[in-house]
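One structure below.
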């Protein structure tokens, strides 16, 4: 088992990514938005995995920052889609809550790596 598989945040990120993929399959988005949302959600998972494999704390921290930024990107895309009537409020709130939880966990991980220089 790889170290990243043991992380709760990784498991939650996988769930978030799976939900986004299901949303994309069920929604008629233009190709650009579809691709951007899919890549941003996948980026969270991949950057957590890649960051966990880094030896130095600053390297790990940078990957976790990128993962957190990708969550922000997902929520921003969904917010715009909500404004355009492409996402129901209840579905948006579900993803928003998941994203907020992931963001908070990552914020703590990033802050702990900053202290541990």
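In my numbering, the protein residues as written are 33 to 149. For glycine and all other residues, C-beta sits at the position ideal for the given N, C-alpha and C. Please read all numbers here as calculations on a predicted model, not as lab measurements.
Cβ-Cβ distance between residue i and residue j below 8 Å
{"i": "residue 99", "j": "residue 76", "result": "yes"}
{"i": "residue 92", "j": "residue 146", "result": "no"}
{"i": "residue 96", "j": "residue 138", "result": "yes"}
{"i": "residue 134", "j": "residue 44", "result": "yes"}
{"i": "residue 40", "j": "residue 118", "result": "no"}
{"i": "residue 51", "j": "residue 127", "result": "yes"}
Beta-carbon proximity list for residue i, same chain, < 8 Å, skipping 5 on both sides
{"i": "residue 49", "result": "73, 74, 76, 77"}
{"i": "residue 53", "result": "70, 73"}
Contacting residues, own chain, Cβ-Cβ under 7 Å from residue i (five flanking each side not counted)
{"i": "residue 47", "result": "none"}
{"i": "residue 105", "result": "72"}
Close Cβ partners of residue i (< 6 Å) along its chain, the five nearest in sequence each way excluded
{"i": "residue 124", "result": "110, 114"}
{"i": "residue 42", "result": "36, 80"}
{"i": "residue 130", "result": "48"}
Coarse secondary structure for residue i, derived from DSSP in three states
{"i": "residue 141", "result": "helix"}
{"i": "residue 51", "result": "helix"}
{"i": "residue 88", "result": "coil"}
{"i": "residue 120", "result": "coil"}
{"i": "residue 62", "result": "coil"}
{"i": "residue 39", "result": "coil"}
Backbone CA spacing between residue i and residue j [nearest angstrom]
{"i": "residue 142", "j": "residue 64", "result": "30 Å"}
{"i": "residue 57", "j": "residue 122", "result": "18 Å"}
{"i": "residue 33", "j": "residue 116", "result": "43 Å"}
{"i": "residue 14", "j": "residue 89", "result": "For residue 14 there is no data in the structure shown, the boundaries of the chain being 33 and 149."}
{"i": "residue 136", "j": "residue 112", "result": "22 Å"}
Does the segment 51 to 68 come within contact of the segment 82 to 99, defined as at least 3 CB pairs closer than 8 Å? no
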